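Visitor: Okay, here's the structure, questions in a sec.
Numbering (my numbering), first residue to last: 100 to 347.
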């Protein structure tokens with residue numbers, strides 16, 4: 100009896116340790132499940148944002164096709180439809196992916212700007228370039244991050260004979276630095292102020308992009324984003340801090 104009584108503190112201590120370990124594991128499992136649910140929710144929200152952006156982009160392309168049909172320009176409408184179908188295929192395929200090659204993204208955006216040139220009777224020109232140490236086929240970025248900014252340059256900023264420039268370079272091992280410049284004919288101070296407010300507050304595409312960057316940052320711990328500024332002599336500049344991977 101004395102032996103049992105003597106072992107009682109040991110038994111109680113051992114039982115307490117087992118209880119603490121069991122409870123800690125349950126709490127850890129609960130936190131893990133909670134984190135997994137939050138991750139799935141964030142991924143769902145990100146996919147929903149991509150789904151919102153793509154119809155907005157497609158809607159503007161359909162407007163351009165409608166323009167050709169109204170003008171009874173069958174040849175131009177045919178060319179536009181072929182290019183548009185190629186873009187639709189890319190948009191649909193990329194919507195289900197988290198990463199796409201920079202090469203594919205650039206080709207798609209070149210296709211997009213060529214479509215806009217057809218629509219606007221070549222009222223603007225564009226130039227894409229990358230730093231020498233960037234190999235587009237070896238770099239992977241989130242899909243459809245560049246297009247809304249280029250679209251904004253065409254629809255809301257481009258003047259007659261304007262030039263849209265895109266230059267991409269490495270910022271560090273995590274981010275690309277993408278600079279989009281719209282070299283227009285200049286705007287008055289009021290026009291510049293109004294355009295800046297429109298771009299930041301009223302443009303559906305860019306508002307969705309702000310939400311998408313926020314979701315990317317929350318989901319994967321990035322510090323990506325963009326800013327818009329005025330250029331001396333007129334025009335706009337967009338700086339994009341874009342996450343990238345070298346292997347997917």
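C-beta atoms are modelled at their ideal positions from N, C-alpha and C, and glycine is treated no differently. Note that this is a predicted model, so its numbers are computed, not measured.
Which partner residues of residue 278 appear in the DSSP bridge assignment?
Guide: In the chain shown, the residue the question calls residue 278 occupies position 179. Looking at the DSSP assignment, residue 278 forms a beta bridge with 266, 338.
Visitor: Tell me whether the region 316 to 330 and the region 215 to 227 touch, counting them as touching only if at least three CB pairs, one residue from each stretch, are closer than 8 Å.
Guide: no
Visitor: Using 8 Å as the threshold, is the region 197 to 205 in touch with the region 155 to 172, meaning 3 or more CB pairs across them?
Guide: No: the two stretches stay apart, fewer than three of their Cβ pairs being nearer than 8 Å.
Visitor: For the 8 Å Cβ check, are there 3 or more pairs between the region 258 to 271 and the region 224 to 237?
Guide: At 8 Å Cβ cutoff, the stretches touch.
Visitor: Just to confirm my understanding: we take residue 179, look at its own chain, exclude 5 residues before and 5 after, and list those with CB closer than 7 Å. What are they?
Guide: Walking along the chain shown from the start, residue 179 turns up at place 80. Excluding sequence neighbours, residue 179 sits near 163, 164, 167, 214, 217.
Visitor: Which residues bound the beta strand (DSSP E) around residue 224?
Guide: Within the chain shown, the letter at position 125 stands for residue 224. Segment 223 to 229, the beta strand (DSSP E) holding residue 224.
Visitor: Consult DSSP for residue 325 and reduce its assignment to one of helix, strand or coil.
Guide: Taking the first residue of the chain shown as position 1, residue 325 is located at position 226. When DSSP states are grouped into helix, strand and coil, residue 325 belongs to the strand group.
Visitor: Measuring alpha carbon to alpha carbon, tell me which residue in 243, 229, 244 is nearest residue 237.
Guide: Here residue 237 refers to the residue found at position 138 of the chain shown. When only C-alpha atoms are compared, the closest one is 229.
Visitor: So which of 190, 117, 193, 274 has the shortest CA-CA distance to residue 338?
Guide: One-based indexing of the chain shown puts residue 338 at position 239. Comparing Cα positions, the closest option is 274.
Visitor: For residue 331, count the other beta carbons within 10 Å of its own beta carbon; 16 or more makes it buried, fewer makes it exposed. Which is it?
Guide: As a working mapping, residue 331 is identified with position 232 in the chain shown. Exposed, by the Cβ-count rule.
Visitor: On the three-state DSSP scale, how would you describe residue 200?
Guide: Against the chain shown, residue 200 aligns to sequence position 101. It is a strand residue.
Visitor: Considering only their Cβ atoms, is the gap separating residue 235 from residue 197 smaller than 8 Å?
Guide: If you number the chain shown from 1, residue 197 lands on position 98. If you number the chain shown from 1, residue 235 lands on position 136. Taking 8 Å as the Cβ cut-off, residue 197 and residue 235 do not qualify as a contacting pair.
Visitor: Which residues does DSSP list as the beta-bridge partners of residue 261?
Guide: For this step, residue 261 is matched to residue 162 along the chain shown. Answer is 223, bridged to residue 261.
Visitor: Kindly give me the distance between the Cβ atoms of residue 121 and residue 239, rounded to whole angstroms, as I take these residues to be in contact under 8 Å.
Guide: What you label residue 121 is simply residue 22 of the chain shown in a count that begins at 1. What you label residue 239 is simply residue 140 of the chain shown in a count that begins at 1. Actually they are not in contact, since the Cβ atoms of residue 121 and residue 239 sit about 43 Å apart, beyond 8 Å.
Visitor: Which residue's Cα is closest to the Cα of residue 243: 312, 125, 317?
Guide: As a working note, residue 243 is residue 144 in the chain shown. The shortest Cα separation from residue 243 among 312, 125, 317 belongs to 312.
Visitor: Keeping to the same chain, check which residues put their C-beta closer than 8 Å to that of residue 176; ignore five residues upstream and five downstream.
Guide: By one-based count along the chain shown, residue 176 stands at place 77. Only 164, 167, 168 meet the Cβ criterion.
Visitor: Please state whether the Cβ-Cβ distance between residue 211 and residue 249 is less than 8 Å.
Guide: The residue labelled residue 211 in the question sits at position 112 within the chain shown. The residue labelled residue 249 in the question sits at position 150 within the chain shown. Going by C-beta atoms, residue 211 is nearer than 8 Å to residue 249.
Visitor: So, are the CB atoms of residue 191 and residue 247 less than 8 Å apart?
Guide: Mapped onto the chain shown, residue 191 falls at position 92. Mapped onto the chain shown, residue 247 falls at position 148. Not closer than 8 Å, so no.
Visitor: Ignore the nearest five residues each way along the sequence and tell me which others in residue 161's own chain have a CB closer than 7 Å to its CB.
Guide: Sequence index remark: in the chain shown, residue 161 carries index 62 (1-based). Nothing listed; no residue qualifies.
Visitor: Using the Cα positions of residue 328 and residue 181, report the straight-line distance between them to the nearest angstrom.
Guide: Your numbering for residue 328 matches position 229 in the chain shown. Your numbering for residue 181 matches position 82 in the chain shown. One C-alpha to the other measures close to 35 Å.
Visitor: Per DSSP, residue 240 is paired with what?
Guide: Counting from 1 along the chain shown, the entry for residue 240 is found at position 141. BP columns for residue 240 point to 199.
Visitor: Is any non-hydrogen atom of the ligand GTP found closer than 7 Å to the C-beta of residue 336, if you look at the structure I gave you?
Guide: Within the structure as shown, the ligand GTP is missing, as the structure has no ligands at all.
Visitor: Is the CB-CB distance between residue 251 and residue 340 below 8 Å?
Guide: As a first step, residue 251 is located in the chain shown; it is residue number 152 there, counting from the start. As a first step, residue 340 is located in the chain shown; it is residue number 241 there, counting from the start. No, the pair does not count as a contact, with Cβ atoms beyond the cut-off.
Visitor: Report the three-state DSSP secondary structure of residue 344 (helix, strand or coil).
Guide: For the purposes of this step, residue 344 is identified with residue 245 of the chain shown, where counting begins at 1. Strand at residue 344.
Visitor: Compute the beta-carbon to beta-carbon distance between residue 281 and residue 335, rounded to the nearest angstrom, for a pair I have assumed lies under 8 Å.
Guide: Along the chain shown, one-based indexing puts residue 281 at 182. Along the chain shown, one-based indexing puts residue 335 at 236. Yes, they are in contact, since the Cβ atoms of residue 281 and residue 335 sit about 5 Å apart, within 8 Å.
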